[in-house]
Structures are given as structure tokens and as C-alpha cells.
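These notes are about the structure you will find just below.
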Amino acid sequence: MNIILLGPPGAGKGTQARRLVEERGMIQLSTGDMLREARTSGTEMGNKVAAIMDSGQLVTDEIVIGLIEEKLNGDHGGGFIFDGFPRTLAQADALGALLTSHDATLDAVIEMSVDDEALVSRITARSTCGACGEVYNDETKPIPTDGKCTNCGGTEFKRRADDNADSLKTRLMEYYKKTSPLLGYYYAKGDLTSVNGLGEIEEVASAISAVLK
Numbered sequence: 122m123n124i125i126l127l128g129p130p131g132a133g134k135g136t137q138a139r140r141l142v143e144e145r146g147m148i149q150l151s152t153g154d155m156l157r158e159a160r161t162s163g164t165e166m167g168n169k170v171a172a173i174m175d176s177g178q179l180v181t182d183e184i185v186i187g188l189i190e191e192k193l194n195g196d197h198g199g200g201f202i203f204d205g206f207p208r209t210l211a212q213a214d215a216l217g218a219l220l221t222s223h224d225a226t227l228d229a230v231i232e233m234s235v236d237d238e239a240l241v242s243r244i245t246a247r248s249t250c251g252a253c254g255e256v257y258n259d260e261t262k263p264i265p266t267d268g269k270c271t272n273c274g275g276t277e278f279k280r281r282a283d284d285n286a287d288s289l290k291t292r293l294m295e296y297y298k299k300t301s302p303l304l305g306y307y308y309a310k311g312d313l314t315s316v317n318g319l320g321e322i323e324e325v326a327s328a329i330s331a332v333l334k
């Protein structure tokens with residue numbers, strides 16, 4: 122099963138993707154993770170990525186599609202979760218063509234819908250474990266009183282410098298400018314389903330599971 126998770130920064134895509142990896146054996150394909158992995162891989166593609174990133178240029182869609190194709194040629198596990206890609210209609214077309222060329226299908230596009238103001242409130246109170254990325258919130262899931270991550274026992278927690286109201290609103294605007302066409306694109310194809318991205322983690326996971334069934 123291959124799916125796309127769509128949602129603005131802080132909607133919980135990473136949290137839900139990790140659950141799907143653990144529970145269904147799916148493989149998460151995050152654009153950022155793939156680029157970081159590639160630049161240190163020593164492969165021809167990796168060296169190309171490193172040169173582009175080191176020069177301060179943007180990595181082209183062609184290269185990202187190439188990285189995805191490398192993954193499609195490897196272990197499929199329980200299928201792929203595309204997280205952070207596609208972001209544009211051109212990328213969506215390219216991904217569709219790539220999947221078709223590998224006799225693969227896109228089984229679901231799940232939009233994690235949010236209320237922007239509620240999202241800003243949630244994200245400005247967010248911290249993550251520096252070791253495993255487990256997410257905490259000052260109000261709904263505070264860091265344990267013993268200072269240890271409940272997932273891995275780590276003791277270092279971080280806040281993103283841009284997890285503030287002004288920066289987040291700018292990131293949200295950029296997301297909606299790029300992503301709104303994708304929602305219509307996948308809706309027209311009959312692939313799009315929306316779930317409430319601001320529910321409790323278990324509630325969101327259950328909604329996603331219902332879609333995948």
C-alpha cells in the first residue's frame with residue numbers, strides 16, 4: 122500500500138508516519154531525510170545532491186524523483202508513505218508517472234486537516250526529544266517530571282527556533298499556496314480523504330486506519 126500524507130507544518134504527519142512504520146511495516150519517504158541520507162551515501166546520486174546542497178542551490182524535482190525511484194527499486198516493506206512530497210502539481214504528475222512505471226499504485230491521499238489558530242497554539246508549546254523525535258506539548262503532553270523521554274529515555278529536549286506564532290503563520294501561508302492545488306488534484310482523482318489532524322494521537326491514528334481499510 123502506498124499513501125501520501127498531506128498537512129501543514131505541525132499537523133502530526135511525522136508522528137502518524139512513525140506509527141504506520143511500526144504497525145504496518147511501511148517505509149516512510151521524507152524528502153528531507155532522503156536528501157540527508159543521500160549526501161552522505163557516497164553514491165553518484167548522493168555526490169550530486171551534496172554538491173547542490175553545499176552550493177546553496179535547491180535540489181531539483183528530477184533529483185528527488187531519482188531518490189524515490191532508488192527506494193522503489195529496493196525493499197518495499199508494507200508500502201511507502203510519501204511525507205513532504207509531492208508539494209506541487211508537477212511533482213504529483215512526476216510521482217504518478219514513476220509509480221506507473223514500477224507497476225505500483227497510489228492507494229490513498231490523506232489530508233490531515235487543521236484549524237490554523239489551534240495549530241499555532243499547539244505548535245508554539247511543542248518540544249521534541251533530541252534522541253528519537255518524540256513530541257511533547259507544554260499543555261497536553263508535558264515533558265515527564267523525571268526529565269526522561271517516555272519513548273527512549275533521552276534527557277535532551279529541543280524547540281525549533283521557528284516554532285513561534287509569526288514564523289508558523291508564514292510557513293502555513295507557504296504551505297497553502299503550494300498545496301491547495303494538490304487537494305483539488307487528488308480529490309478529482311478520487312484519492313483524497315480528510316481526517317481531523319488536531320485530534321488526540323490515538324484518534325487520528327484510528328481515523329487513518331479506517332481510511333486504509
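Note that the numbering used here has the sequence shown beginning at 122, numbered continuously upward.
C-beta: ideal position from N, C-alpha, C; glycine also.
1. Compare the C-alpha of Thr226 against each of Gly200, Val235, Thr245 and name the closest.
2. Is Met166 helix, strand or coil by DSSP?
3. Tell me the start and end of each unbroken alpha helix (DSSP H) in the stretch 170 to 217 that is at least 4 residues and wholly inside, in chain order.
4. Taking the beta strand (DSSP E) that Arg247 belongs to, which residues open and close that run?
5. Restricting to runs no shorter than 3 residues, where is the beta strand (DSSP E) found entirely within the stretch 273 to 327?
6. Looking at Asp204: is its Cβ nearer than 9 Å to the Cβ of Leu150?
7. Which first and last residues belong to the alpha helix (DSSP H) in which Met155 is found?
8. Look at the Cβ atom of Val230, then the Cβ atom of Thr152, and state whether they are nearer than 9 Å.
9. Can you find the residues in the same chain that come closer than 7 Å, C-beta to C-beta, to Ala138, ignoring five residues on each side of it along the sequence?
10. Quick test of your reading: Ala252 and Cys273, contact by CB under 8 Å. State the CB separation rounded to the nearest angstrom.
11. Decide if Met294 is buried, meaning its Cβ has at least 16 other Cβ atoms within 10 Å, or exposed.
12. Is DSSP giving Leu227 helix, strand or coil here?
For this structure:
1. By one-based count along the sequence shown, residue 226 stands at place 105. The option with the nearest alpha carbon to Thr226 is Gly200.
2. Taking the sequence shown and counting its residues from 1, the one referred to as residue 166 is at position 45. Note: Met166 maps to helix in three-state DSSP.
3. 182 to 193
4. Indexing the sequence shown from 1 puts residue 247 at position 126. Counted as a single uninterrupted DSSP element, the beta strand (DSSP E) harbouring Arg247 occupies residues 247 to 250.
5. 313 to 317
6. Locating residue 204 in the sequence shown gives position 83, counting from the first residue. Locating residue 150 in the sequence shown gives position 29, counting from the first residue. In this structure, Leu150 lies closer than 9 Å to Asp204 by Cβ.
7. As a position in the sequence shown, residue 155 is number 34, starting the count at 1. Start and end: 152 to 160.
8. The residue given as residue 230 occupies position 109 in the sequence shown. The residue given as residue 152 occupies position 31 in the sequence shown. No, the Cβ-Cβ distance between Val230 and Thr152 is not below 9 Å.
9. As a position in the sequence shown, residue 138 is number 17, starting the count at 1. Once the five neighbours on either side are set aside, the close Cβ partners of Ala138 are Leu126, Gln149, Ile202, Asp204.
10. Along the sequence shown, one-based indexing puts residue 252 at 131. Along the sequence shown, one-based indexing puts residue 273 at 152. With a Cβ gap of about 5 Å, Ala252 and Cys273 count as contacting.
11. Locating residue 294 in the sequence shown gives position 173, where the first residue counts as 1. Within a 10 Å sphere around the beta-carbon of Met294 sit fewer than 16 other beta-carbons, which makes this residue exposed.
12. Start at 1 with the first residue of the sequence shown, and residue 227 comes out as number 106. Residue state, collapsed to three classes: coil.
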